[in-house]
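Undergrad:
Quick look at the structure:
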């Protein structure tokens, strides 16, 4: 019987096992980014900026020029790199602690300057690498190691909705929220990432894709339950969709 | 002699950077160094460069991290509180071995302090400032011409050692006007950025990684020793100092930057009175030129350190001269400056006259 290969590792992805926990969706998001890089044929001119957090080793899995930024500063690093190398395709990949907490100033100002970079924002509503502390995107009532009784809005405010916030700015060209919790969402996530990178290639300005993601380990859920929890609890708080598209 | 220009120190620093081939500036406004970013915002777009006003010093230094990672000549400038904010990023830049030039036009501290000249960031500049075992190569000009020359040298040294280099000046240096000349400062044998910087993947056939994380302790230790070997090379090659009327001096004034030029006037006037006083002026603060202090002329019986701080460089002076040589200290702080008369009085007092 003749075998036909219908599925293979993206060329820009390194052939190693990731360090991510079972059921974590970082791996899916990495793969989507790598597939888009391959499909757009931009591997040799792409520059990744890794965050501090679980995805700090992004560069071990995606084979492109890369920086490892200080916590939250990836948009500043990416902005400068893109300004000096305007023909490069520069993207940052950041988690919710990195982007929406310590790096809030950098993301807002990079977006507001309309930097020609792409930001991939993984929102799993918790600090992963440090072991499950409350994040700026932690849901009201959601338990974390630093809010053991659940997030109390009287003490800790409400989850920050980054897409909605950045959409109030004039400069950003593309802003979307997607998920990779289940295949039906993953296909749409890939299309959003394609649009985001295409926005940069076309010189249309700042692009931002928020990916709702699971963290079964720190949520204390089995992987399958985590995907269901994301659908039931995160999606109502963080509605999927495109918030801005290039003119 | 080439063409000379009458320029304000801050503007001369900026123009020197442009002459050295720096086309990229990232910074955040703070007094008393604002003429540097203002000058850059006008000039750099005219030569196809980038001026970008960051949202904070924190962002600015991380933009420098991003820009320096491309291997191009980049710089930022700030003043004391701003440099404190940048210190984390400077540590990352040192860890990732990126070349760049940083300028600190010092003002009085601690905290918000004041906006007038000071030298109270000596420890911060020479001992690191941020976390981890790293050093900056620190150059301290005492005239606007020297600020120009050292700035142009700084870009070469930054590339030579793939290391951040700091120009440590004070508010006087930034604000005073003097005639300056921009001399050619080509340096041979500098490393090719295509070997390590981002943006050359196609040419190099492999990607570049700009990073400072080594979770394996053995690897991190190896990385640290590699950095230390580089600092040892700097220490061997890059010490710079000047002495003035030191050969027959009974007492030597140790001072750097603006204070050294005030001390020169005091020395000239004291010499006219017959008092044998001289000057030791370190130009590189790291590496510190200890050797001249280890081998002082026999005539020298004591050292008077004068600083616009409560006593910071004096620690390096003591390390140099050892415990047998008396070292005293005169400092004015908070934006106050030691006057020619005050320094003369201190010398007379030290000599018991």
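Residue numbers (my numbering), protein chains in the order written: chain S, 493 to 739; chain C, 26 to 378. Each residue gets a CB set at the ideal place from its N, CA and C atoms; glycine is no exception.
If contact is defined by three or more beta carbon pairs under 8 Å, each pair taking one atom from either stretch, is the region 199–219 of chain C in contact with the region 65–82 of chain C?
TA: Verdict: no, contact absent.
Undergrad: Helix or strand or just coil, what does DSSP make of residue 739(S)?
TA: Residue 739(S): coil per DSSP, three-state reduction.
Undergrad: Spatial neighbours of residue 36(C) within its chain, please: CB distance less than 7 Å, with the 5 preceding and 5 following residues excluded, ordered by chain position.
TA: If we look at residue 36(C) and ignore the five residues flanking it on each side, its Cβ neighbours are 60, 64.
Undergrad: Residues of chain S with CB closer than 8 Å to the CB of residue 79(C), please, in chain order.
TA: Near residue 79(C) (Cβ distances below 8 Å), the residues of chain S are 568, 601.
Undergrad: Can a CB atom of chain C be found closer than 8 Å to the CB of residue 573(S)?
TA: Answer yes: the Cβ-Cβ gap between residue 573(S) and chain C drops below 8 Å somewhere.
Undergrad: At the 8 Å Cβ level, is residue 559(S) part of the contact set with chain C, yes or no?
TA: Chain C, which has a Cβ nearer than 8 Å to the Cβ of residue 559(S), makes this yes.
Undergrad: Using a C-beta cutoff of 8 Å, does residue 223(C) count as contacting chain S?
TA: Yes, its Cβ sits closer than 8 Å to a Cβ of chain S.
Undergrad: Please check the pair residue 229(C) and residue 122(C), which I expect to be a contact at CB under 8 Å, by giving their CB distance rounded to whole angstroms.
TA: Wrong, their Cβ atoms sit about 17 Å apart, outside the cutoff.
Undergrad: Quick test of your reading: residue 697(S) and residue 664(S), contact by CB under 8 Å. State the CB separation rounded to the nearest angstrom.
TA: Confirmed, Cβ separation roughly 7 Å.
Undergrad: Name the residues in the region 588–622 of chain S whose C-beta lies less than 7 Å from a C-beta of chain C; which are they?
TA: Answer in chain order: 597, 598, 601.
Undergrad: How many Å lie between residue 693(S) and residue 537(S) at the Cα?
TA: Near 11 Å, if we compare the C-alpha coordinates of residue 537(S) and residue 693(S).
Undergrad: Would residue 585(S) pass as an interface residue toward chain C - the criterion being a Cβ-Cβ separation below 8 Å?
TA: Not an interface residue.
Undergrad: Could one say the Cβ of residue 565(S) lies closer than 8 Å to chain C's Cβ atoms, at least one of them?
TA: Yes, its Cβ sits closer than 8 Å to a Cβ of chain C.
Undergrad: So with Cβ pairs under 8 Å, would you call residue 49(C) a contact of chain S?
TA: Judged by the 8 Å Cβ criterion, residue 49(C) is in contact with chain S.
Undergrad: For a contact meaning CB atoms closer than 7 Å, what does residue 576(S) contact in chain C?
TA: In chain order: 49, 75, 92, 95, 97.
Undergrad: So which residues on chain C does residue 508(S) lean against when the C-beta distance must stay under 9 Å?
TA: What residue 508(S) touches in chain C: nothing, since even the nearest Cβ is about 15 Å away.
Undergrad: Indicate whether residue 735(S) and residue 652(S) have their beta-carbon atoms separated by less than 8 Å.
TA: For residue 735(S) and residue 652(S), no; Cβs fall outside 8 Å.
Undergrad: For residue 88(C), return the contacting residues in chain S, with the cut-off set at a CB-CB distance below 8 Å.
TA: Here the neighbours are 568, 569, 571, 572.
Undergrad: Establish whether the CB of residue 226(C) and some CB of chain S are separated by less than 8 Å.
TA: So, interface residue.
Undergrad: Is the Cβ of residue 512(S) closer than 8 Å to any Cβ of chain C?
TA: False, the Cβ-Cβ gap to chain C never drops below 8 Å.
Undergrad: Across which residues does DSSP place residue 206(C) in a beta bridge pair?
TA: DSSP output for residue 206(C) lists 29(C) as bridge partner(s).
Undergrad: Applying the criterion that 16 or more other CB atoms from any shown protein chain within 10 Å of the CB defines a buried residue, is residue 662(S) buried or exposed?
TA: The residue is exposed, with fewer than 16 neighbouring Cβ atoms inside 10 Å.
Undergrad: I want to see whether chain S comes within less than 8 Å of residue 114(C), judged by CB atoms only; does it?
TA: True, the Cβ-Cβ gap to chain S drops below 8 Å.
Undergrad: For residue 372(C), I'd like the list of residues in its chain whose CB is within less than 8 Å of its CB, leaving aside the five on either flank, ordered along the chain.
TA: Within the same chain, residue 372(C) has close Cβ partners 276, 278, 291, 295, 300, 302, 329.
Undergrad: Candidates 712(S), 718(S), 679(S), 591(S): which alpha carbon is nearest residue 525(S)'s?
TA: Residue 679(S) is the option with its Cα nearest to residue 525(S).
Undergrad: Should residue 183(C) be flagged as near chain S, meaning a C-beta pair shorter than 8 Å?
TA: It does not: the Cβ of residue 183(C) has no partner Cβ on chain S nearer than 8 Å.
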